[in-house]
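**Q** Input: one structure, supplied below.
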Amino acid sequence: MKTDKVFFSEYGIFICTKCQKSITARAADSIPTTDIAESIKTQYKAELNNMGLKGKVRVMTSSCLGVCPTGFQAISQISMTDPNQNLSYVFDPYEETNQVLETIKKSVIK
Ligand code: FES
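See below:
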């Protein structure tokens, strides 16, 4: 075994890939069944990196985060320096993805 450093210094943003099952069950058939977590990750990663946060904030998909909001998406924001700042967001990925991103932006820029 060997060890290595962690490649982000301030926050890890974990997007649950398992929430999709209950979201698509709740959503109407007219809503496309894209990979919700991967789509959110791509958007959040691009915008946070464009803000100069690469290396400080890392956006990742994850298996179940233990939040399990039926019909909604869960994201956990984990602080590398202050556990009191750790929190989870529960939201409608078709309507609130941008609002959650703006909230994350405000909380990671201090
Ligand atoms: S299924 Fe997404 S947090 Fe558990």
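This note's numbering numbers the first residue of the sequence shown as 3 and each following residue consecutively. All C-beta atoms in this analysis are idealised placements derived from N, C-alpha and C, irrespective of residue type, glycine included.
Who are the near neighbours of Ala39 in its chain, counting only those whose CB is closer than 6 angstroms to its CB and skipping five residues on each side?
**A** Ile17, Thr19 and Thr63
**Q** What's the gap between the Cα of Gln101 and the Cα of Asp6?
**A** Between Gln101 and Asp6, the C-alpha separation is close to 35 angstroms.
**Q** Just verifying my parser: in three-state terms, what is the DSSP assignment at Thr5?
**A** coil
**Q** Count the other C-beta atoms from every protein chain shown that fall within 10 angstroms of the C-beta of Cys70, then say buried if there are 16 or more, exposed otherwise.
**A** exposed
**Q** Less than 8 angstroms between the CB atoms is what I'm expecting for Ile25 and Pro95, so what's the real figure, rounded?
**A** 6 angstroms
**Q** What residue range does the beta strand (DSSP E) around Val69 cover?
**A** Note, Val69: premise wrong, no beta strand (DSSP E); not H, not E.
**Q** Would you report the Cα separation of Ile80 and Leu89, rounded to the nearest angstrom?
**A** Distance between the alpha carbons of Ile80 and Leu89: 7 angstroms.
**Q** On the CB-based measure, 16 or more other CB atoms within 10 Å of its CB, does Ala76 come out buried or exposed?
**A** buried
**Q** Does DSSP put Thr83 in a helix, in a strand, or in coil?
**A** coil
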